[in-house]
Amino acid sequence: MALNVVIMAAGKGTRMKSALPKVLHRIGGTSLLDHVVRTAAALGAARTVVVTGHGAEQVEASLAASPAGGAARCVRQEPQLGTGHAMQQALPALDDANATTLVLYGDVPLISAATVRRLVGTSAGRALALLTVELDDPNGYGRIVREGAHVRAIVEHKDATAAQRAIRETYTGIMAAPTALLKRWVMALSNDNAQREYYLTDVVAMAVAEGVPVLAEHAASATEVAGVNSPRQLAELERAFQRAQAEALMDAGVRLADPARFDVRGALSCGEDVEIDVGCIFEGTVHLADGARIGAHCVIRDSRIGEGVLVQAFTHMNQAVIGPRAEIGPFARLRPGADLGPEVHIGNFVEVKNSTLAAGAKANHLAYLGDTTVGARVNYGAGSITANYDGANKHRTVIGADAHIGSNCVLVAPVTIGEGATIGGGSTINKDAPPGQLTIARARQVSYAGWERPKKAPKKSG
Ligand code: UD1
Ligand code: MG
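Counting in this note's numbering, the sequence shown runs from 176 upward without gaps.
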């Protein structure tokens, strides 16, 4: 059944105490609104309408820039006179050909597609279907007033009697309704209530008066219908979201040292026998092949890590590709374009950028490789760097297979080190070094026999 989805996102979010519009705060690296827009896309919504108000320009720009949000239409609600008023602004953007309209909130990010699919199924083009949840503390929420199994009304907390306030079944804000009926009802709303707001929830009493069935579906969990109003709630939902991702990975066989200290802000895919220690953050799209082990407190973004790779603690990686059985870190930094072959070793305080290292190459300590092609089995000494930037342009360094670069060398690019060459420690190399030879470029060591240290002049007395 073709579906309109309306996402309410005009509210202020005062309690966030932030200049950023509430729905642009993030969970798992994705804005609250983008989570909801993605859910709408997962439902196959024929049309998605986002109601914007506070921070509308920023919210609309963010939607336009997001893959899932690009197709959404935005309507402005100014001023914000309640959820019913928000819906009134959305009406002209609804497609009448879509029999059902689903209402979601931009600040309820974790609602599952399965739950709302169930709700749309319950509406079935003829009924008003409400998503409800039983809360231990229903304070502030609209209460579901029933007569037996039938829902009679939603009463807002501020309008409720003491008896109604004792009801623990609350309205989540999510509903599905026949588009034609919803349009008619929403046009007839008034603001005759405690808050002088247009309540979308008043459509329930209208449906009841017309004999249209009003059916309630329970949410699968309180978490999926939880809204974000404050930094505390944002952090709570972040942990719930991360917990769910961690559990899905563990169910697939990934061994997490502690699912409570694990964050994925994007998509992490793993082979078999992957182990991840505490405090790691995965961003963007990351793949860990079979047997990969990630040490504590690594930050890994948009990278592919091969079979049996060992990444030791405190390694930082962005847009890197790591071949099988390589060993990286601790304290390594792999920047965009780091492409490491099988069994490469990158040790502590080594930075690699836009460089290819062939099988078995090693840079174990305190080094920089930028814009470099490194041959197989090269040993790159402690403290050596490629001087790849002349102040205006970047240049490449090529190091042939089996070359040995001593400690504390500067390879001034563009420069080529031949296969099997040895570069003496402390050399500054600005001309190509031939294969197979020892090249040294530093001042010769001299010793002066009979040399004496200067002495202090004797103190003047008197
Ligand atoms: C609403 C429901 C209440 C329900 C609660 C669940 C009404 C009248 N009440 O409460 O029954 O228990 O949600 O959280 O609908 N918004 C706009 N424009 C507005 C007002 C709100 O876009 O003029 C958006 C907000 O950004 C937010 C959502 O609608 O995403 C809910 O607004 P909020 O003020 O938090 O909910 P209530 O109206 O208090
Ligand atoms: Mg309100």
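Note that beta-carbon positions come from the ideal geometry of N, C-alpha and C, so glycine has one too.
8 Å Cβ cutoff met for residue i and residue j
i    : j    : result
T490 : A507 : yes
A538 : G522 : yes
L541 : V525 : yes
T354 : N273 : yes
A397 : L310 : yes
Q487 : P511 : no
G281 : I182 : yes
A289 : L390 : no
L195 : V291 : no
V383 : L279 : no
L256 : E372 : yes
R500 : E392 : no
R468 : L485 : yes
R318 : I342 : yes
S241 : T275 : no
V379 : V326 : yes
P434 : A421 : yes
D209 : G244 : yes
G470 : G498 : no
R479 : H462 : yes
G550 : D577 : yes
L266 : K358 : yes
P406 : M191 : yes
A394 : T347 : yes
R617 : S602 : yes
G402 : V234 : no
L199 : S237 : yes
Supposed close pair residue i, residue j - CB separation, criterion 8 Å
i    : j    : result
A184 : V224 : Incorrect: roughly 10 Å between the Cβ atoms, too far for contact.
P388 : A302 : 4 Å
D377 : L356 : With a Cβ gap of about 14 Å, D377 and L356 do not count as contacting.
R248 : Q264 : With 8 Å as the limit, R248 and Q264 do not qualify as a contact, their Cβ atoms being about 11 Å apart.
I604 : V621 : Not a contact, Cβ separation roughly 22 Å.
G575 : A596 : 7 Å
L375 : T258 : 4 Å
V400 : V295 : Contact flag wrong, Cβ pair sits at about 16 Å.
D585 : I560 : The question names Asp, yet the displayed sequence has Val at residue 585. With 8 Å as the limit, V585 and I560 qualify as a contact, their Cβ atoms being about 6 Å apart.
M641 : G323 : Outside the modelled stretch of the chain, which goes from 176 to 637, sits residue 641, for which no answer is possible.
Minimum C-alpha distance to residue i - residue among the options
i    : options                   : result
H579 : S287, A341, V553 and L208 : V553
L424 : Y564, C445 and P406       : C445
D565 : D546, I574 and S582       : D546
A246 : P499, A220, R318 and N563 : A220
V453 : C473, A464 and E253       : C473
D465 : A471, S287 and G483       : G483
E385 : L266, W360 and S478       : W360
R619 : H325, D312 and G600       : G600
L613 : A588, S636, G581 and K630 : G581
I615 : N583, G470 and Y316       : N583
P610 : S602, A216, Q417 and G593 : G593
P313 : K333, G323 and R340       : R340
V180 : G186, A216 and R190       : A216
E253 : A533, R190 and G186       : G186
A369 : A351, K333 and A338       : K333
V587 : K635, Y543 and I451       : Y543
A366 : R222, H260, T531 and A236 : Sequence check: residue 366 is Asn here, not Ala. Nearest C-alpha to N366: H260.
Y316 : M362, A231 and A335       : A335
E458 : R222, M492, A338 and A239 : M492
N529 : T572, A567, E502 and G535 : T572
A351 : L306, R321 and A534       : L306
Residue i beta carbon near the ligand GTP (any heavy atom closer than 7 Å)
i    : result
L431 : No copy of the ligand GTP occurs in the structure displayed; its ligands are the ligand UD1 and the ligand MG alone.
Minimum Cβ-Cβ distance from residue i to chain B less than 8 Å
i    : result
V553 : This model lacks chain B altogether; it includes just one protein chain.
Three CB pairs or more closer than 8 Å across the segment 199–210 and the segment 439–451: yes
Complete runs of the beta strand (DSSP E) confined to the segment 456–504 [at least 3 residues]: 474–476, 491–493 and 495–497
At least 3 beta-carbon pairs within less than 8 Å: the segment 404–411 vs the segment 420–435: no
Complete runs of the alpha helix (DSSP H) confined to the segment 267–319 [at least 4 residues]: 288–298
Secondary structure, alpha helix (DSSP H): runs of 4+ residues fully inside the segment 184–264: 207–217 and 231–240
Entirely enclosed beta strand (DSSP E) segments - the segment 369–411, minimum 3 residues: 389–393
Inside the segment 575–632 only - beta strand (DSSP E) runs reaching at least 3 residues: 585–587 and 590–592
Segments of 3+ residues assigned as beta strand (DSSP E) that fall wholly inside the segment 526–582: 530–532, 537–545, 547–549, 560–562 and 572–574
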